[in-house]
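Asker: Here it is, the structure, as structure tokens.
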Ligand code: PMV
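Here it is, written out as structure tokens:
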């Protein structure tokens, strides 16, 4: 019996997180060096319409039907059955493995959904187009936090840099000159649901102030797009650092994230900011090519538990887009 395998990359948000939930643009890029892999195999010896779900990283090994209804993997499976019109299905085993750190702002949840949806749809004989994969993964994202913008599932399903606005057609981000980013993990897990809900409470209490902060972040995202498409990625640094200051103002930074940003800037980075939901998770750093090693060292000294270097290009899986 053949195995049906699909993989999905991690992601980081370059700028515009949180503001994107309120309709502002944001930029996100895939992180191809970390991936989630889903493998679906038929198990003809087992009764039809049964499924075993295994995800060793989260200690999961259970029957699909025993998972709670709102379990993200159970939801993935139900959504694919519905999409493919599958009432009955041959017994299968789904195994998920991942090198994407969990709850670290690298999109582990969305990558698990995208890889699972792709592999399972292929197993059922209905491979899905990328826009449907992204749309189904968006439904799963709603379980992680109630009001996702859709940026994570989109950048991960398309595996390309994107300029994203909620509820608007996807715009690809053309990276005219590739550049490197350091992704420094603070080691503090931070569920996005908490910071998104907190920001919403603050926005409800003072809409005028928060709308102004979100618009400033939107301006940064527009300016950053122009620099990336105009082939001047080094100029992004100051915009990133400004975006970090705005994220601090909306209350989603932390002393550790601030320390990582400050150390990076002091040690020669063009700019740095927290990325994603905030409070914990990652800081992204734009580094001159000849400072990468010394910045990795400085960030580690300052408390980063892991630093990933990723190359931002418009290539899809190594091909030019
Ligand atoms: O999944 P994270 O932590 O990278 O955050 C996603 C970005 C937010 O803007 C905070 C939420 C969203 O749905 O856009």
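Residue numbers (the working numbering): 480 to 800. Using N, Cα and C, we set each Cβ at its ideal position, and we do this for glycine too. Note that the structure is a prediction, hence the values are computed from the model and not measured.
Going by the CB atoms, is the gap between residue 635 and residue 586 shorter than 8 Å?
Answerer: For the purposes of this step, residue 586 is taken as the residue at position 107 of the chain shown. For the purposes of this step, residue 635 is taken as the residue at position 156 of the chain shown. Yes, they are a contact pair.
Asker: In whole angstroms, what separates the C-alpha of residue 779 from that of residue 742?
Answerer: In the chain shown, residue 779 corresponds to position 300, counting from 1. In the chain shown, residue 742 corresponds to position 263, counting from 1. The alpha-carbon atoms of residue 779 and residue 742 are separated by roughly 10 Å.
Asker: Could you tell me whether the stretch 483 to 502 touches the stretch 591 to 601, where touching means 3 or more Cβ pairs closer than 8 Å?
Answerer: yes
Asker: Can you give the Cα-Cα distance for residue 625 and residue 672, rounded to whole angstroms?
Answerer: Taking the first residue of the chain shown as position 1, residue 625 is located at position 146. Taking the first residue of the chain shown as position 1, residue 672 is located at position 193. Roughly 7 Å separates the two Cα atoms.
Asker: State the DSSP-derived secondary structure class of residue 711, mapped to helix, strand or coil.
Answerer: Working through the chain shown from its first residue, we reach residue 711 at position 232. Looking at residue 711 - three-state DSSP - the assignment turns out to be coil, as it is neither helix nor strand.
Asker: Whole angstroms is fine: what's the gap from residue 566's alpha carbon to residue 557's?
Answerer: For this step, residue 566 is matched to residue 87 along the chain shown. For this step, residue 557 is matched to residue 78 along the chain shown. Taking the straight line from one Cα to the other gives about 10 Å.
Asker: Under 8 Å, with one C-beta from each stretch per pair, do the stretch 501 to 515 and the stretch 691 to 699 reach the 3-pair mark?
Answerer: yes
Asker: Between which residues of its own chain and residue 722 is the CB-CB distance below 7 Å, once the five residues before and five after are set aside?
Answerer: The count along the chain shown starts at 1 and reaches residue 722 at position 243. Non-local beta-carbon contacts of residue 722 in its own chain, meaning distances under 7 Å to residues more than five positions away in sequence, involve 494, 696, 699 and 752 in chain order.
Asker: Can you list, in chain order, the residues of its chain with a C-beta nearer than 6 Å to that of residue 760? Leave out the 5 residues immediately preceding and following it.
Answerer: As a first step, residue 760 must be located in the chain shown, where it is residue number 281. Contacts found: 583, 584 and 669.
Asker: Using alpha carbons as the reference points, say which of 492, 707, 499 and 589 lies closest to residue 477.
Answerer: Residue 477 is absent from the model: the chain starts at 480 and stops at 800.
Asker: For residue 613, verify whether its CB is less than 7 Å away from any heavy atom of the ligand PMV.
Answerer: Along the chain shown, read from residue 1 onward, the residue named residue 613 stands at position 134. Residue 613: no, Cβ never under 7 Å from the ligand PMV.
Asker: With distance defined between alpha-carbon atoms, name the residue in 549, 544, 579 and 580 nearest to residue 572.
Answerer: For the purposes of this step, residue 572 is taken as the residue at position 93 of the chain shown. Taking only the C-alpha atoms, the option nearest residue 572 is 544.
Asker: Going by DSSP in three states, residue 499 sits in which element: helix, strand or coil?
Answerer: For this step, residue 499 is matched to residue 20 along the chain shown. In this structure, residue 499 counts as helix in the three-state DSSP scheme.
Asker: Tell me where the beta strand (DSSP E) around residue 664 begins and ends.
Answerer: Here the question's residue 664 lines up with position 185 in the chain shown. Where residue 664 is concerned, the enclosing beta strand (DSSP E) stretches over 658 to 664.
Asker: From which residue to which residue does the alpha helix (DSSP H) around residue 645 run?
Answerer: Locating residue 645 in the chain shown gives position 166, counting from the first residue. Note, residue 645: premise wrong, no alpha helix (DSSP H); not H, not E.
Asker: Within a Cβ cutoff of 7 Å, which residues of the same chain sit near residue 563, ignoring the five residues on either side of it in sequence?
Answerer: Position 84 of the chain shown, counting from 1, holds the residue named residue 563. Excluding sequence neighbours, residue 563 sits near 600, 603 and 605.
Asker: Using only the alpha-carbon positions, how far apart do residue 661 and residue 527 sit?
Answerer: Start at 1 with the first residue of the chain shown, and residue 661 comes out as number 182. Start at 1 with the first residue of the chain shown, and residue 527 comes out as number 48. Distance between the alpha carbons of residue 661 and residue 527: 47 Å.
Asker: For the alpha helix (DSSP H) containing residue 561, list its first residue and its last residue.
Answerer: For the purposes of this step, residue 561 is identified with residue 82 of the chain shown, where counting begins at 1. 551 to 563 is the span of the alpha helix (DSSP H), which, as asked, contains residue 561.
Asker: Tell me, which residues are paired with residue 494 by DSSP?
Answerer: For this step, residue 494 is matched to residue 15 along the chain shown. Answer by DSSP bridge pairing, in chain order: 506.
Asker: Contact between the stretch 535 to 543 and the stretch 609 to 623 is defined here as three or more beta-carbon pairs at a separation below 8 Å; is this criterion met?
Answerer: no
Asker: Does the contact criterion of 3 or more C-beta pairs under 8 Å hold for the stretch 724 to 738 versus the stretch 676 to 687?
Answerer: yes
Asker: Determine the closest residue to residue 765 out of 782, 783 and 746, with distance taken between C-alpha atoms.
Answerer: The count along the chain shown starts at 1 and reaches residue 765 at position 286. Considering only alpha carbons, the answer is 746.
Asker: Could you spell out where the beta strand (DSSP E) holding residue 531 opens and where it closes?
Answerer: Against the chain shown, residue 531 aligns to sequence position 52. Where residue 531 is concerned, the enclosing beta strand (DSSP E) stretches over 530 to 534.
Asker: Kindly give me the distance between the Cβ atoms of residue 580 and residue 790, rounded to whole angstroms, as I take these residues to be in contact under 8 Å.
Answerer: On the chain shown, residue 580 is found 101 positions in, with the first residue counted as 1. On the chain shown, residue 790 is found 311 positions in, with the first residue counted as 1. Actually they do not touch by this definition, with Cβ atoms about 19 Å apart.
Asker: Run through DSSP, which three-state label would residue 729 get?
Answerer: Translated into the one-based positions of the chain shown, residue 729 becomes position 250. DSSP places residue 729 in coil when its eight states are reduced to three.
Asker: Got a sec, what are the start and stop residues for the beta strand (DSSP E) residue 577 sits in?
Answerer: Stepping through the chain shown from its first residue, residue 577 is reached at position 98. Start and end: 571 to 577.
Asker: Straight-line CA distance for residue 561 to residue 649?
Answerer: For the purposes of this step, residue 561 is taken as residue 82 along the chain shown, with counting starting at 1. For the purposes of this step, residue 649 is taken as residue 170 along the chain shown, with counting starting at 1. Between residue 561 and residue 649, the C-alpha separation is close to 25 Å.
Asker: Please check the pair residue 643 and residue 740, which I expect to be a contact at CB under 8 Å, by giving their CB distance rounded to whole angstroms.
Answerer: The residue given as residue 643 occupies position 164 in the chain shown. The residue given as residue 740 occupies position 261 in the chain shown. The Cβ separation is near 23 Å, so there is no contact.
Asker: From 497, 640 and 633, pick the residue whose C-alpha is nearest to that of residue 692; which is it?
Answerer: Sequence index remark: in the chain shown, residue 692 carries index 213 (1-based). For residue 692, the closest of 497, 640 and 633 by C-alpha to C-alpha distance is 497.
Asker: Look at the Cβ atom of residue 630, then the Cβ atom of residue 763, and state whether they are nearer than 8 Å.
Answerer: Mapped onto the chain shown, residue 630 falls at position 151. Mapped onto the chain shown, residue 763 falls at position 284. For residue 630 and residue 763, no; Cβs fall outside 8 Å.
Asker: Nearest-angstrom Cα distance between residue 575 and residue 519?
Answerer: Position 96 of the chain shown holds residue 575. Position 40 of the chain shown holds residue 519. Between residue 575 and residue 519, the C-alpha separation is close to 9 Å.
Asker: Ignore the nearest five residues each way along the sequence and tell me which others in residue 715's own chain have a CB closer than 6 Å to its CB.
Answerer: Here residue 715 refers to the residue found at position 236 of the chain shown. Once the five neighbours on either side are set aside, the close Cβ partners of residue 715 are 703, 706 and 765.
Asker: Starting from residue 542 and walking both ways along the beta strand (DSSP E), at which residues does that stretch end?
Answerer: Residue numbering aside, residue 542 sits at position 63 when the chain shown is read from its first letter. First-last of the beta strand (DSSP E) with residue 542: 539 to 542.
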